[in-house]
Structures are given as C-alpha cells and as structure tokens.
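Numbering-wise, the working numbering puts 42 at position 42 of the sequence shown, and it's gapless, one number per residue. Shown next, in structure tokens, is the structure this report addresses.
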Amino acid sequence: MRNVRERLFRPSDLAQITGVEQNVYGSGAYSKYFFRQLHDLFPTLIWVAEDDGKLVGHVCAAVAQDGTGWILNTAVLPHYRRQGIGERLMINSIDALLRAGVRHFKVTSESENFPAIRLYEKLGFHTVGIEEDYYGDGVDRVIMERHEKEQA
Ligand SMILES: CC(C)(COP(=O)(O)OP(=O)(O)OC[C@H]1O[C@@H](n2cnc3c(N)ncnc32)[C@H](O)[C@@H]1OP(=O)(O)O)[C@@H](O)C(=O)NCCC(=O)NCCS
C-alpha cells in the first residue's frame with residue numbers, strides 16, 4: 001500500500017525533483033537552476049509528493065506583478081497517476097497562494113492535454129483563451145483562470 005504525502009519542497013530535494021521533471025516532460029523539462037531560483041523567490045510555492053522518501057510528483061507556482069497566481073507546472077510520475085496525487089498537489093498550491101493573498105489564478109496547458117485540462121476544470125478553472133502554435137506548429141496553448149469569490 002502506497003503512503004504518498006504532500007509537503008513543501010526543500011533544497012535537498014533538488015536532484016529528485018529534477019529527475020521527476022525530466023521523466024514527465026523530457027526535453028521540455030525545467031532545469032535544476034529553475035527550481036533553485038524559484039525556491040529563492042517563492043519558498044512556499046513548490047510542493048512535492050513523496051512516497052517513502054521518493055519524490056513522485058510536484059507542482060510549482062509563482063505570483064506575477066499584477067497579483068495573479070500562476071500554476072507553472074504539475075507533474076506526477078506515470079505509475080502514480082489517477083490516485084488523486086495531482087489534485088492534492090494542486091489544492092496545496094492553491095491554498096498556499098490564497099494564504100499569500102492571491103485571489104486570481106492562471107494555469108496553461110497544451111490544448112490536447114485532456115488529463116490536465118480535466119484536473120484544472122475539476123478545481124474550478126475555466127478556459128479564457130487559446131494561443132495558437134504556442135508550443136510549436138499546430139500545438140496550441142489553453143489559458144485557464146479561476147477567480148476566488150469575494151468574502152461577504
Ligand atoms: C495532469 C497530471 C498532473 C494529473 O495527475 P494525477 O495524479 O494523475 O491526477 P489525479 O489522480 O489527481 O486526478 C484528478 C482529476 O484530474 C482529472 N484527470 C486526471 N487524469 C485524467 C485522465 N487521464 N483522463 C481524464 N481525466 C483525468 C480527473 O478529473 C480527476 O478526477 P477524478 O479522479 O475524480 O476523475 C498527470 O497526468 C501528469 O503528470 N501529466 C503529465 C504532465 C502534465 O501534463 N502536466 C500538466 C501540464 S502543466
């Protein structure tokens with residue numbers, strides 16, 4: 001029985017998170033320097049999923065100058081998918097952004113990436129635009145947003 005839990009990224013995770021990133025995104029993976037610098041800027045916005053000491057997924061976010069919280073990527077190792085890990089990582093990320101005062105969220109995905117789009121829709125994101133050929137010829141990007149309701 002797997003015992004996966006989510007927690008904040010630590011600098012000692014750098015090699016493992018880069019390995020998961022390369023496994024999931026191949027030549028499109030973020031480098032270890034990206035994770036190191038993102039951690040310098042937003043130490044509460046990188047979450048990892050851990051199975052008995054082994055990293056199996058992560059989510060990264062950042063806050064733009066206009067206050068928008070951007071979910072930059074979500075990754076779960078193939079053998080760990082469809083177990084709720086991606087969703088729990090996303091919820092941790094959104095909660096951390098809410099604690100940072102973010103009320104407007106954005107996420108993007110390849111337009112054919114239905115697992116990711118379904119995941120984001122499940123969490124209240126809706127499509128607001130498409131950028132044609134963003135990832136190369138014929139590979140479009142979907143832009144999705146979520147707005148937090150104002151407290152009464
Ligand atoms: C997208 C990704 C992170 C989802 O991770 P996951 O741990 O498998 O997702 P979960 O098990 O938490 O699924 C949560 C919801 O997402 C949706 N979903 C996830 N995978 C799906 C699939 N293959 N088909 C349809 N819906 C899917 C469903 O709505 C699901 O809810 P449900 O179980 O109640 O149906 C994972 O597939 C992945 O790493 N893909 C490659 C990297 C990527 O494309 N990242 C996103 C772009 S930045």
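Note that CB positions come from ideal geometry on N, CA and C, so glycine has one too.
**Request:** Give the C-beta separation of residue 45 and residue 116 to the nearest angstrom, bearing in mind that I take them to be a contact with Cβ-Cβ under 8 Å.
**Result:** The Cβ separation is near 18 Å, so there is no contact.
**Message:** Considering only their Cβ atoms, is the gap separating residue 124 from residue 146 smaller than 8 Å?
**Reply:** yes
**Prompt:** Is residue 107 helix, strand or coil by DSSP?
**Reply:** strand
**Asked** What residue does the beta strand (DSSP E) around residue 75 start on, and which one ends it?
**Response** 69-76
**Message:** Which residue wins for smallest C-alpha separation from residue 70, given the options 77, 60, 76, 79?
**Reply:** 60
**Request:** Check whether the Cβ of residue 55 lies closer than 7 Å to any heavy atom of ligand 1, and answer yes or no.
**Result:** no
**Prompt:** Is the closest heavy atom of ligand 1 to the C-beta of residue 74 under 7 Å?
**Reply:** yes
**Message:** Any heavy atom of ligand 1 closer than 7 Å to the beta-carbon of residue 85?
**Reply:** yes
**Asked** At what residues does the beta strand (DSSP E) containing residue 58 begin and finish?
**Response** 54-63
**Message:** With H, G and I counted as helix, E and B as strand and the rest as coil, what does DSSP make of residue 139?
**Reply:** coil
**Request:** My understanding is that residue 107 touches residue 144, with C-beta atoms under 8 Å, so please give their C-beta distance in whole angstroms.
**Result:** 5 Å
**Message:** Could you compute how far the alpha carbon of residue 21 sits from the alpha carbon of residue 78?
**Reply:** 12 Å
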